[in-house]
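*Asks:* The structure under discussion is supplied below as structure tokens; questions concerning it will follow.
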């Protein structure tokens, strides 16, 4: 075998798996399709912040610096992941696109853009938000303006004075509409298909996600009712401004489709009430000059920004292995083996995903390390010792 463990994706799941494995004497190489580590995060919009607080969003043993505040920014998170990888001496090969995973004798063969590689264990950690979703009506339309996905949006500056329709009323769509309206765009409209639950990042002076781990263990209907009551009292009714109450509970939506709740700042709702941007119903198509709405109206615009979500993009990679279920999600998402030597990390809908995948990685590393030690003994080899003493960089990166 070329490698003991190959990991696909250099986000928090991939990096933490590699770090935990190395700390247990197992070599692991991370393959990243982008030109730099954590490439998926490099492409997020400039003003992006975490929806969950730093308490629930750090990798095990590596808390965020307190001076970053409760909700780290995109740039802070990139700094954090790069320092984590350096401190734990994670081996990352960038510019390597994995196109297919195949069984290979007692292990696995990965077809990549730089040639095939083999390993006894493969961990897929390419992320839930791997492939942007583009509605069918946005493909080959007669629209003469610009259509882009939220993944390609950075800041409002290029859209100064332009009329924009943002499609999708999740956290990202609401924040982009707010930024455009406050950042010099012309008329900004936000289209929704399913009205979201809305929760403020901070409520009562504390991060709103602090009790979420408890909520995930309570009956779903009970928590849905609690969130609905909280939203009515804190956010209020936005029906008069075009956004009716959510039709599905917050936790029900999270578990069923990984969506349904928009976590935003109070300023965004204030902007809706002030009319800084307009809420409109679902877009069903584009014509030459703008967007057609489900109620028959048309909104003229020069830019359409799609914030319609993402898919896992796992079908070309592992679809032939019969390990995927609905929405392209792995049927075994617990970190256990989906097939002997094949695991998936981070494919679960829940808040605080970084902290969760870090805990998954620690358990997975223990299991793989134990198996590798047993295999070495069976082959008559020795188990190398790897020091777990933290470097000075690691100690600096772990100060909270």
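Numbering (the UniProt record's numbering), first residue to last: 1 to 400. Quick reminder that beta carbons are idealized off the backbone N, C-alpha and C, glycines included.
#1: Exposed or buried, which one is residue 231 when buried takes at least 16 other CB atoms within 10 Å?
#2: Return the CA-CA distance between residue 185 and residue 77, expressed in angstroms with no decimal places.
#3: Hey, is the segment 65-74 in contact with the segment 89-100, meaning 3+ C-beta pairs nearer than 8 Å?
#4: Going by the beta-carbon positions, is the gap between residue 166 and residue 307 smaller than 8 Å?
#5: Would you call residue 214 buried or exposed, if buried means 16 or more other Cβ atoms sit within 10 Å of its Cβ?
#6: Specify the secondary structure class of residue 4 as computed by DSSP and reduced to three states.
#7: Suppose the cutoff is 7 Å on Cβ atoms and the five residues either side in sequence are ignored; what does the same chain contact list for residue 127 look like?
#8: Inspect the beta-carbon positions of residue 295 and residue 281 and report whether they are closer than 8 Å.
#9: How would you write the range of the beta strand (DSSP E) that residue 91 sits in, first residue to last?
#10: Helix, strand or coil, according to DSSP, for residue 13 in the structure here?
#11: Where does residue 207 fall in DSSP's three states?
#12: Helix, strand or coil for residue 338, going by three-state DSSP, please let me know.
#13: Buried or exposed for residue 402, please, with buried defined as at least 16 other CB atoms from any protein chain shown within 10 angstroms of its CB.
#14: Return the CA-CA distance between residue 19 and residue 109, expressed in angstroms with no decimal places.
#15: Is the Cβ-Cβ distance between residue 91 and residue 30 less than 8 Å?
#16: Among 305, 329, 304, whose alpha-carbon lies nearest the alpha-carbon of residue 316?
#17: Using three-state DSSP, classify residue 130 as helix, strand or coil.
#18: Assess contact between the segment 259-275 and the segment 115-125, defined as three or more Cβ pairs (one per stretch) separated by less than 8 Å. Is contact present?
#19: Nearest to residue 80 by CA position, among 283, 135, 64, is which residue?
#20: Tell me which same chain residues have a C-beta within less than 7 Å of the C-beta of residue 44, skipping the five on either side of it?
#21: Just tell me which of 194, 241, 253, 240 has its CA closest to the CA of residue 223.
#22: Between the Cα of residue 34 and those of 67, 104, 112, 4, spot the shortest distance and give me the residue it belongs to.
#23: With residue 189 as the anchor, note down where its beta strand (DSSP E) starts and where it stops.
#24: Per DSSP, residue 108 forms a beta bridge with which residues?
#25: Give me the Cα-Cα distance between residue 309 and residue 257, rounded to the nearest whole angstrom.
#26: Give me the Cβ distance between residue 188 and residue 164, rounded to the nearest whole Å; I'm assuming they're in contact under 8 Å.
#27: Measuring CB atoms only, is the segment 177-184 touching the segment 317-324, in the sense that at least three cross pairs come out at less than 8 Å?
#28: Residue 80 by DSSP, collapsed to three states: which one?
#29: For residue 2 and residue 22, I'd like the C-alpha separation in whole angstroms.
#30: Beta-carbon separation of residue 114 and residue 133 under 8 Å?
#31: Since residue 303 and residue 159 should fall inside the 8 Å C-beta cutoff, what is the C-beta to C-beta distance between them, to a whole number of angstroms?
#32: Contact check, residue 341 vs residue 161 under 8 Å by CB: the rounded distance?
#33: Residue 17 and residue 279 look like a contact to me (Cβ under 8 Å); what is the Cβ gap, rounded to whole Å?
#34: Let me know if residue 57 comes out buried or exposed under the rule of 16 or more other beta-carbons within 10 Å of its beta-carbon.
#35: Use the C-beta contact count for residue 239: other C-beta atoms within 10 angstroms, 16 or more gives buried, fewer gives exposed.
#36: Residue 331: buried (16+ other C-beta within 10 angstroms of its C-beta) or exposed?
*Replies:* The relevant details are as follows:
#1: What you label residue 231 is simply residue 231 of the chain shown in a count that begins at 1. Residue 231 is buried by the Cβ-count criterion.
#2: For this step, residue 185 is matched to residue 185 along the chain shown. For this step, residue 77 is matched to residue 77 along the chain shown. Taking the straight line joining both Cα atoms gives about 28 Å.
#3: no
#4: In the chain shown, the residue the question calls residue 166 occupies position 166. In the chain shown, the residue the question calls residue 307 occupies position 307. Yes, the Cβ-Cβ distance between residue 166 and residue 307 is below 8 Å.
#5: Position 214 of the chain shown holds residue 214. Counting Cβ neighbours within 10 Å, residue 214 comes out exposed, since fewer than 16 surround it.
#6: Indexing the chain shown from 1 puts residue 4 at position 4. Strand.
#7: Numbered from 1 along the chain shown, position 127 holds the residue referred to as residue 127. Result list for residue 127: 9, 11, 40, 346, in chain order.
#8: Looking up residue 295 in the chain shown gives position 295. Looking up residue 281 in the chain shown gives position 281. It is a contact, given that the beta carbons lie within the stated cut-off.
#9: What you label residue 91 is simply residue 91 of the chain shown in a count that begins at 1. Run containing residue 91: 91-94, per the beta strand (DSSP E) assignment.
#10: Position 13 of the chain shown, counted from the start, is the residue given in the question as residue 13. Reduced to three states, the DSSP call for residue 13 is helix.
#11: Position 207 of the chain shown, counted from the start, is the residue given in the question as residue 207. Here residue 207 sits in strand by DSSP.
#12: As a working mapping, residue 338 is identified with position 338 in the chain shown. Correct three-state label for residue 338: strand.
#13: In the structure displayed, the chain extends from 1 to 400; residue 402 sits before or after that span and is not available.
#14: By 1-based counting over the chain shown, the position of residue 19 is 19. By 1-based counting over the chain shown, the position of residue 109 is 109. Cα to Cα, residue 19 sits roughly 22 Å from residue 109.
#15: Locating residue 91 in the chain shown gives position 91, where the first residue counts as 1. Locating residue 30 in the chain shown gives position 30, where the first residue counts as 1. In this structure, residue 30 lies closer than 8 Å to residue 91 by Cβ.
#16: Start at 1 with the first residue of the chain shown, and residue 316 comes out as number 316. Looking at the Cα atoms, 329 is the closest of the given residues.
#17: Translated into positions along the chain shown, residue 130 becomes position 130. Correct three-state label for residue 130: coil.
#18: no
#19: Reading the chain shown from its first residue, position 80 is the one you call residue 80. Taking only the C-alpha atoms, the option nearest residue 80 is 64.
#20: Looking up residue 44 in the chain shown gives position 44. These residues qualify, in order along the chain: 74.
#21: Taking the first residue of the chain shown as 1, we reach residue 223 at position 223. The candidate whose alpha carbon is nearest that of residue 223 is 253.
#22: Locating residue 34 in the chain shown gives position 34, where the first residue counts as 1. Looking at the Cα atoms, 112 is the closest of the given residues.
#23: Numbered from 1 along the chain shown, position 189 holds the residue referred to as residue 189. Where residue 189 is concerned, the enclosing beta strand (DSSP E) stretches over 188-191.
#24: Your numbering for residue 108 matches position 108 in the chain shown. Paired residues: 103, 119.
#25: Against the chain shown, residue 309 aligns to sequence position 309. Against the chain shown, residue 257 aligns to sequence position 257. Approximately 11 Å between the Cα atoms of the pair.
#26: Locating residue 188 in the chain shown gives position 188, counting from the first residue. Locating residue 164 in the chain shown gives position 164, counting from the first residue. About 5 Å separates the two Cβ atoms, so the contact holds.
#27: no
#28: Along the chain shown, one-based indexing puts residue 80 at 80. Helix.
#29: To locate residue 2, count along the chain shown from 1; it is residue 2. To locate residue 22, count along the chain shown from 1; it is residue 22. If I take the Cα positions, the gap works out to 16 Å.
#30: Locating residue 114 in the chain shown gives position 114, counting from the first residue. Locating residue 133 in the chain shown gives position 133, counting from the first residue. Against a cut-off of 8 Å, the Cβ pair of residue 133 and residue 114 comes out as no contact.
#31: Looking up residue 303 in the chain shown gives position 303. Looking up residue 159 in the chain shown gives position 159. Their Cβ separation, rounded to whole angstroms, is 6 Å, which keeps residue 303 and residue 159 in contact under 8 Å.
#32: Counted from its first residue, the chain shown places residue 341 at position 341. Counted from its first residue, the chain shown places residue 161 at position 161. Contact doesn't hold; Cβ gap of about 55 Å is too wide.
#33: Taking the first residue of the chain shown as 1, we reach residue 17 at position 17. Taking the first residue of the chain shown as 1, we reach residue 279 at position 279. So it is not a contact: roughly 41 Å between Cβ atoms.
#34: Locating residue 57 in the chain shown gives position 57, where the first residue counts as 1. Flag for residue 57 reads buried.
#35: The sequence position of residue 239 within the chain shown is 239, counting from 1. Result: exposed.
#36: For this step, residue 331 is matched to residue 331 along the chain shown. Exposed, by the Cβ-count rule.
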